[in-house]
Each structure stands twice: as structure tokens, then as C-alpha cells.
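Visitor:
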Amino acid sequence: MAVMNLAQERVLKVEAVVLEHQEWGEADRLLTLFTREYGRMRAIAKGVRRIRSRKAGHLEPFTRVALVLARGRDLWIITQAETLEANLALHGDLEGIGYASYVAELLERLTYEEGPNPNLYRLLVDTLRRLDENLDPPALILRYFELHILDLAGFRPELTECVTCRRLIQPEDQYFSSSLGGVLCPTCGKVEPSARPVSMNALRYLRHLQRSTYPEARRARPNPAITTEMERILRDYLTYILEARLNSPEFIRQVRQNLSTTESSSRPPEENASATISDTVIDL
0 MAVMNLAQER VLKVEAVVLE HQEWGEADRL LTLFTREYGR MRAIAKGVRR IRSRKAGHLE
60 PFTRVALVLA RGRDLWIITQ AETLEANLAL HGDLEGIGYA SYVAELLERL TYEEGPNPNL
120 YRLLVDTLRR LDENLDPPAL ILRYFELHIL DLAGFRPELT ECVTCRRLIQ PEDQYFSSSL
180 GGVLCPTCGK VEPSARPVSM NALRYLRHLQ RSTYPEARRA RPNPAITTEM ERILRDYLTY
240 ILEARLNSPE FIRQVRQNLS TTESSSRPPE ENASATISDT VIDL
């Protein structure tokens, strides 16, 4: 109903999350918003780049805001803005910025403009809050977000039965095919060119995150190897769906690499040497 009436409206009151902004003209910004009422929208914040602008602090990326929009000639214009949830911790940490940017980029790539999805809006708000509070591992927060946005966007991966023979998956190592949209049993997976191995434990955790509420999901604590495997499976699946790689994961990788280099260089020489030997043994 909101989409049908939107073209007739001259003024809108919305609740939104600012996904990103870019410079527009001499003093304005073009904002991409995800609103509770109308889904993804774009709007102009006039004069927001001026030093004395009162709206600037309310319109930073990843901020949840209450807005009043007026219809312009081509785009909506933000006339009022009030911060509801600032998520300030995300702005002071490069890794946090990377994670939040990944959430925003993935949502933008999987949605269309002016298509209301209140459940997806709530997932976005909750995910940014969880990243900001930093009470749980980011990997858990992001894998939960990925699985549930895939569900809400109509790309839910099949994790309970073989996508080829439709037999229920048994407690053993399986295969996963991004092109077929889910898991395959060992018999079907061995003859499917697009299938890649997936361990029993990784599949078990993926299924747990997919079917659980977040309070239930956060009880899961997979080891680092399983966490990496889950990330690879979902990243490959998302790349196949989107037909392109996302930009923010590379930013996150570079930040992690820089932090690792900085931490290594700050260690005493003896500690650096022992760490290098240990890592080499593990790799072998």
C-alpha cells in the first residue's frame, strides 16, 4: 500500500537507516536510505556539508533517524532529521566501519528502491546495533545477517535436504553448490561439477543460524576453522547470486592485515620469532 501511494505524496515522515552518502553539488549530499515504511530510497540533504549545518550530525552512515522528506523535482529533499540511534562506536573503529559497510552494501545489492520490507528493516537495525555493542563475535553477527537477509530476499539456501535427489541430509560431510542453491548428499555431490565439499559441523552451524532467533543463535561458538568455512560458503553463494564480488570484504581484509602487521611489529623480538615458528608448524 505504501508503494502505491508514494507517488501521490508531497511530504513523508519516515524512520530510516542511512546506508551511505556521496557529495552532491557544492554543499549537498545524496543519501541512500533504507526506510521502515518504503524500503530503499534516495534523498538530498541540502547544505549539509556547510560547517554550520544542523542536520549533518544526524545523517552519518549507519545512523537510525527520523526524517521529514519533501518531494523535489527529481529526488526527495530532507527537511528535518533527528537521530534515534547513533551507533557511535562503529564510526571510531576501522573494522567496525568495514563490517557495517558490508551490511549496508549487501542490503543495497539485494533490494530494490521503494519496496517496503519491515522485517528486513528490523534485521538491519538489530545487526548494526549488535555490531555497535560488540558483545558477540562479528563473524556470528554477520553470518546470522547473511542467512536471514537471503531468506527475506527470496534466496534462502537449502540446507536440510539434497537439492538434487531430495533426500534428507544425514550427519556426515556433504557438498554445497551455489548454482543449485544448496546442499547435496555425497552421492549427488561427487558427480556435480559445481559442488564443493562442506563439513558436517559447518553445515550444522549454518542450519542452526538459519532456523534460530538471534538469542538462540548466539549460543553457537564454532571454532575458527568452522567459522572460516562458513564465511567461504556464504561468500561464494552471495557472489553467485549477485554476479559480482562485494567491495567491503576487501576493505575488511586490508584492515585486518594492517592490524596484524602493527601488532606483530609491537611485540618483543623473542615473541615475534616464536610466533613465526609456531605459525609455520601449523601451516605444515
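Just so you know, the sequence shown maps onto residues 0 to 283 in numbering that gives the first Met the number 0. In this text, a Cβ means the ideal position worked out from N, Cα and C, and glycines have one as well.
1. Just to confirm the assignment, what range does the alpha helix (DSSP H) spanning Ser176 have?
2. For Phe33, which three-state DSSP category applies?
3. For the beta strand (DSSP E) that contains Ile76, what are its first and last residues?
4. How many angstroms separate the CA atom of Arg255 from the CA atom of Gly71?
5. Which term fits Ser178, buried or exposed, when burial requires 16 or more other beta carbons within 10 angstroms of its beta carbon?
6. Do you know offhand how far Cys161's Cα is from Met199's?
7. Use the C-beta contact count for Tyr111: other C-beta atoms within 10 angstroms, 16 or more gives buried, fewer gives exposed.
8. Excluding the 5 residues preceding and the 5 following Asn116 in the sequence, name in chain order all residues of the same chain whose CB lies nearer than 8 Å to its CB.
9. Classify Leu123 as helix, strand or coil using the three-state DSSP reduction.
10. Across which residues does DSSP place Asp235 in a beta bridge pair?
11. Just tell me which of Leu202, Thr62, Glu19 has its CA closest to the CA of Arg108.
12. Taking just the CA atoms, how far does Asp172 sit from Leu183?
13. Between Leu83 and Val17, which are expected to be in contact by the criterion C-beta below 8 Å, what is the C-beta distance as a whole number of angstroms?
14. Considering Cα atoms alone, identify which of Leu74, Glu14, Ser100, His207 is closest to Leu89.
15. Which residue's Cα is closest to the Cα of Ala103: Arg35, Thr31, Thr186?
16. Are the beta-carbon atoms belonging to Tyr143 and Leu208 less than 7 Å from one another?
17. Tell me where the beta strand (DSSP E) around Gln21 begins and ends.
18. Going straight from the alpha carbon of Leu139 to that of Ala194, what length do you get?
19. Determine the direct distance from the alpha carbon of Phe33 to that of Gln169, and round the result to whole angstroms.
20. To the nearest angstrom, how far is it from the Cα of Arg129 to the Cα of Tyr213?
21. Nearest to Gly181 by alpha carbon, out of Leu233, Trp23, Gly97?
22. Looking only at C-alpha atoms, which of Gly153, Tyr204, Asn246 sits nearest to Ile240?
23. My output table needs one value for Gly91: the three-state DSSP class, helix, strand or coil.
24. Residues in its own chain within less than 8 Å of Tyr174 by CB, not counting five upstream and five downstream?
25. Please work out which residues of its chain come closer than 8 Å, Cβ to Cβ, to Val216, disregarding the five sequence neighbours upstream and downstream, and give them in chain order.
26. Among Asp125, Asn222, Trp75, which residue has its Cα nearest to the Cα of Arg63?
27. Can you grab the Cα-Cα spacing for the pair Tyr120 / Asp235, in whole Å?
28. Indicate whether Ile298 and Gly97 have their beta-carbon atoms separated by less than 7 Å.
Guide: With the given structure in hand:
1. The residue given as residue 176 occupies position 177 in the sequence shown. First-last for Ser176: 173-176, but that is the beta strand (DSSP E), not the alpha helix (DSSP H).
2. Indexing the sequence shown from 1 puts residue 33 at position 34. DSSP places Phe33 in the strand class (E or B) of the three-state scheme.
3. The residue you call residue 76 lines up with position 77 of the sequence shown. Run containing Ile76: 75-84, per the beta strand (DSSP E) assignment.
4. Locating residue 255 in the sequence shown gives position 256, counting from the first residue. Locating residue 71 in the sequence shown gives position 72, counting from the first residue. Looking at the two C-alpha atoms, the distance is approximately 42 Å.
5. Numbered from 1 along the sequence shown, position 179 holds the residue referred to as residue 178. Ser178 is exposed by the Cβ-count criterion.
6. For this step, residue 161 is matched to residue 162 along the sequence shown. For this step, residue 199 is matched to residue 200 along the sequence shown. Roughly 14 Å between the two C-alpha positions.
7. Mapped onto the sequence shown, residue 111 falls at position 112. The residue is exposed, with fewer than 16 neighbouring Cβ atoms inside 10 Å.
8. By 1-based counting over the sequence shown, the position of residue 116 is 117. Residues Gly38, Thr110, Leu151 of the same chain have their beta carbon placed closer than 8 Å to that of Asn116, with the five preceding and five following residues left out of the count.
9. The count along the sequence shown starts at 1 and reaches residue 123 at position 124. Secondary structure at Leu123: helix, using DSSP grouped into helix, strand and coil.
10. Against the sequence shown, residue 235 aligns to sequence position 236. Per DSSP, none; premise fails for Asp235.
11. Locating residue 108 in the sequence shown gives position 109, counting from the first residue. Ranking Leu202, Thr62, Glu19 by Cα distance to Arg108 puts Glu19 first.
12. Reading the sequence shown from its first residue, position 184 is the one you call residue 183. Reading the sequence shown from its first residue, position 173 is the one you call residue 172. Pairing Leu183 with Asp172, the inter-Cα distance amounts to about 10 Å.
13. For the purposes of this step, residue 83 is taken as the residue at position 84 of the sequence shown. For the purposes of this step, residue 17 is taken as the residue at position 18 of the sequence shown. Not confirmed; about 11 Å, so no contact.
14. For the purposes of this step, residue 89 is identified with residue 90 of the sequence shown, where counting begins at 1. The shortest Cα separation from Leu89 among Leu74, Glu14, Ser100, His207 belongs to Ser100.
15. Against the sequence shown, residue 103 aligns to sequence position 104. Ranking the options by Cα distance to Ala103, first place goes to Thr31.
16. If you number the sequence shown from 1, residue 143 lands on position 144. If you number the sequence shown from 1, residue 208 lands on position 209. Inclusion of Tyr143 and Leu208 in the CB contact set at 7 Å is warranted, their separation being smaller than that value.
17. Counting from one through the sequence shown, the residue named residue 21 turns up at place 22. First-last of the beta strand (DSSP E) with Gln21: 10-23.
18. Taking the sequence shown and counting its residues from 1, one reaches residue 139 at position 140. Taking the sequence shown and counting its residues from 1, one reaches residue 194 at position 195. Roughly 25 Å separates the two Cα atoms.
19. In the sequence shown, residue 169 corresponds to position 170, counting from 1. In the sequence shown, residue 33 corresponds to position 34, counting from 1. Rounded to whole angstroms, Gln169 to Phe33 spans 40 Å at the Cα level.
20. Counting from 1 along the sequence shown, the entry for residue 129 is found at position 130. Counting from 1 along the sequence shown, the entry for residue 213 is found at position 214. Each residue's alpha carbon lies about 10 Å from the other.
21. Against the sequence shown, residue 181 aligns to sequence position 182. Looking at the Cα atoms, Leu233 is the closest of the given residues.
22. Counted from its first residue, the sequence shown places residue 240 at position 241. Check the Cα spacing between Ile240 and each of Gly153, Tyr204, Asn246: the tightest is with Gly153.
23. Here residue 91 corresponds to residue number 92 of the sequence shown, with the count starting at 1. The three-state reading of DSSP puts Gly91 in coil, since its state is none of H, G, I, E or B.
24. Position 175 of the sequence shown holds residue 174. Within the same chain, Tyr174 has close Cβ partners Val182, Leu183, Cys184, Pro185, Cys187, Gly188, Lys189, Glu191, Ala194, Arg195, Pro196, Val197.
25. Working through the sequence shown from its first residue, we reach residue 216 at position 217. The question names Val, yet the displayed sequence has Ala at residue 216. For Ala216, where only same-chain residues beyond five positions count, the Cβ hits under 8 Å are Leu139, Tyr143, His207, Leu208.
26. As a first step, residue 63 is located in the sequence shown; it is residue number 64 there, counting from the start. Comparing alpha-carbon positions, the option among Asp125, Asn222, Trp75 lying closest to Arg63 turns out to be Asp125.
27. By one-based count along the sequence shown, residue 120 stands at place 121. By one-based count along the sequence shown, residue 235 stands at place 236. So the two alpha carbons sit approximately 24 Å from each other.
28. An answer regarding residue 298 cannot be provided, because it is not within the stretch 0 to 283 covered by the chain.
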